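Worksheet for the structure shown next.
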Amino acid sequence: MTSNLEHALAMAPTAAAPAPVPLRVLILEDSRFDAELLVEALQDARPGAHTTLVRDEPSYLKALTEQRFDVILSDFELPAFSGGAALETARKHAPEVPFIFVSGVIGEDNAVELLKRGATDYVSKNRLARLPVVLDRALSEAASRRTLGAAEHRLRQADAAIVQAQARRLALVELSDRIRDMDDVVEISYTAAETLASQFNVDRAGYGVVDKAAETITIERDWNAPGVQSLAGVLQFRDYGSYIDDLSRGITVAFADAREDPRTQATAHALEAISARAVLNMPLSEQGNFVGLLYLNHSQPRAWTADEVDFVRDVGDRLRSILGRREAQQALQALAASLERQVEERAAELEAAKEQLRQSQKLEAVGQLTGGLAHDFNNLLASITGSLELLRRRGGAHITTDMERYIGVAQGAAKRAAALTHRLLAFSRRQTLEPKTLALNELVHGMEELLRRTVGPEIAIEIVAAPGLWNVHVDASQIESALLNLCINARDALPQGGRITIETSNRTLDARAAQAADLRPGAYVCMCVRDNGVGMPPEVAAMAFDPFFTTKPLGMGTGLGLSMVYGFAKQSGGRVSIQSQVGAGTSVCIELPRSERTPEQSLAEPGPAAAPRADQGETVLVVDDEASLRMLMVEVMQDLGYATLEAGNGAEAMRWLRSDRAIDLLITDVGLPGGMNGRQVADAARGERPALKVLFVTGYAQTAFDEGRLEAGMHVMTKPFEMDALARRVKEVIEGT
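Each residue of the sequence shown is one higher than the last, beginning at 1 in my numbering.
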């Protein structure tokens, strides 16, 4: 019979759905008992993790050199092999892999020294409960280092490209200097060919005069590598393929291998015979006529990059210009300016990309923090608001006027706190959205009167609605809130009055523009709010979307307005951008993906009604790890005539679901401890009870959607909620309305 350790090491993920790549862990531990404990803790932290156990230096070194791992867990004291030596070996053979000591004897001084030598962290064997936190942090830091390394690699590549572009620019300048005073056409063309050959290390480069009607090229002199024959003379294009048709239309012909290109497969042997298996042909035109050909040949297969094609085109332009004589100086200056601009643009693009990456990482980190805090606060607020509701309901006539006032104050504060967490969730892109297709122009016009009253009579509002504006599929209340927030910010920037312009437009982004905007290529609807107010300096505009950042006086704002707009736009598949100049005003633009659907009709929402009671004493199973909130939901259900069952995690819930008890509705939190989340509990429940109805409650439902825990059409409520609202929703779900 295999031991628990061998069973854990051999265990593979069993989820039916495609799972992420399992975590690969190398464990260096000589104690079998300690290894079993470590593997169990690891499987709890990362179910399905693939573990490799080694006990001595040879097997450890063999594993490091033959396999790839995501993390290394090592004991400190090993027979004939120390933890420090294991660390040095890992730094040598797998420096990018996080190295975590798991030991019961490592001291504080040793731990500090090992961290200085490159260890990622350490965990005491007596405190293996810390392993998930330490493991997550180590893996997150390793991922960040890999991302930074990739960015640095791209930067080095870009720097190399800039250096190469500068070198080729110098080569072009040198070519111009050499041929500026030349009169002989053959000498000019040979000098150009020589320049190309020196840059590309090819076997042949040359220029020939083309007779388009006869489909021939006349070559006086070409540059050839040692041992490569010259093509001087008159050649028929058709002897070497059909690409003359493309050249005649002004199309550059470039193929890496004559054997593979459909235009030259039949004549590949003829091209190979003249050392031209790889060819780059650049047609040169004069007043729209194909008059010359600049060509590069190589005897072996060779790919041609876009930069190389551009450089050959630049050389061809200069050659054609110098041959024309009259345009020589003008063409030289224009080309030099063009190259200078390209270098500057590339440098600017690189700097912009670096800044965009830094800003995105900063906002993402802050968003994760605020989203987690808001989720926890929502759980607490749900317990607070529910307790206040039950206190008021059960107190009845015993509630004094003062008690009623205190309850009202507490409920008001809880609602304001819920609104604050909603804004935090909006920034972190974890709020629950209810998108529908709508016409943005109609929405803007419908809010016009409200906006005018909000900004006051001293400020004029102008709406510039683009005709034929595309539809969008977004949460109507969120876009209304975003527009109102932007207009309020614009109002505050106009203390002496002024003008606010709301403009809508259609915009199509190609791949280059989409990359610059951090969006997917495609069609977008743009809504901009502009003011002619005081504006912002660059350092303030750069922080405008940070949560809690505000330039308003104390008590005049939370600093969450633009943060909420930012989160809503990102969550809806779009983006928000800001442009501002001191004294010239500010413009904030929201871009949202176009929807091909027809706008949906709005339905009037029903007014509040008394909490409906159970018709037949139906049974509800309540699953939530927050004990106080679970207690409140159970008591509310019981007050309304429902029979109730409760569970604090997925395992407890499954015991009820596999029992003979009648259960009409499952109410479950999405995020549950114990290895089963709410979605997994629901799936397992439907396997036992196919007709079972499910209502999910969650601190941030959108995250559940993103992670595949929920599917569209499932019943969801977002915390915090009123207990009467829960009762009505339970009734609707049970009755199927």
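Beta carbons are placed, not taken as given, at the ideal position from N, Cα and C, and that holds for glycine.
These numbers were taken from a predicted model, which means no experiment stands behind them.
Buried or exposed (CB count within 10 angstroms, at least 16 for buried), residue i
i    : result
M723 : buried
E746 : Shown here, the chain extends from 1 to 737; a query on residue 746 therefore has no answer.
F33  : exposed
T120 : buried
A197 : buried
N289 : exposed
N201 : exposed
P98  : buried
T508 : exposed
R169 : buried
P95  : exposed
T51  : buried
K116 : exposed
P690 : exposed
E660 : In the sequence as presented, Glu is not what sits at residue 660; that position holds Asp. Flag for D660 reads exposed.
Q616 : exposed
D203 : buried
L148 : exposed
D743 : A query on residue 743 cannot be resolved here, the shown segment of the chain reaching from 1 to 737 and no further.
A150 : exposed
Integer Cβ distance of residue i from residue j, believed to fall under 8 Å
i    : j    : result
S321 : N297 : Not really, about 24 Å apart at Cβ, beyond 8 Å.
Y243 : R259 : About 14 Å separates the two Cβ atoms, so there is no contact after all.
G585 : N532 : 4 Å
A49  : P22  : 6 Å
L592 : G574 : 4 Å
L483 : M447 : 6 Å
R613 : L657 : Not confirmed; about 25 Å, so no contact.
L64  : I27  : So it is not a contact: roughly 12 Å between Cβ atoms.
L469 : V525 : 6 Å
V312 : L172 : Not really, about 11 Å apart at Cβ, beyond 8 Å.
Reduced DSSP category for residue i - H, G, I as helix; E, B as strand; rest coil
i    : result
V534 : coil
N677 : coil
F33  : helix
N289 : strand
N649 : coil
M637 : helix
D669 : strand
Y122 : strand
N281 : strand
R249 : coil
D211 : strand
G687 : helix
P132 : helix
A460 : strand
R127 : helix
Opposing strand residues paired with residue i [DSSP bridges]
i    : result
V525 : N506 and L592
R717 : Position check: residue 717 holds Met in this sequence, whereas Arg was assumed. BP columns for M717 point to V697.
Q579 : S587
G206 : D222 and Y295
E626 : DSSP lists no partner for E626.
R24  : H50
V185 : BP columns for V185 are empty, so no partner.
F255 : V279
Own chain partners of residue i with C-beta closer than 7 Å, once the 5 adjacent residues on each side are dropped
i    : result
Y190 : R221 and W223
A541 : I578 and S580
V343 : I162, A165 and Q166
Q236 : E215 and T216
I479 : L443
Close beta carbons around residue i, own chain, < 6 Å, minus the five adjacent residues each side
i    : result
D70  : L23 and R24
V730 : none
L135 : A45
V681 : G650, A653 and T668
L231 : I219 and D222
M182 : I188
Cutoff 8 Å; reference residue i; Cβ partners in own chain excluding five residues on either side
i    : result
G736 : K693
A85  : E57
D239 : T267 and A270
S595 : T437, W470, N471, V472 and H473
R597 : T437, N471 and H473
E517 : For the sequence presented, residue 517 should be read as Ala rather than Glu. The answer, listed in chain order, is L509, R575, S577 and E591.
R130 : V123 and S124
9 Å Cβ cutoff, residue i in contact with chain B
i    : result
A651 : Within the model displayed, chain B is absent; a lone protein chain is all it includes.
heavy atom of the ligand GDP below 8 Å from residue i C-beta
i    : result
Q616 : This structure lacks the ligand GDP; in fact it carries no ligand of any kind.
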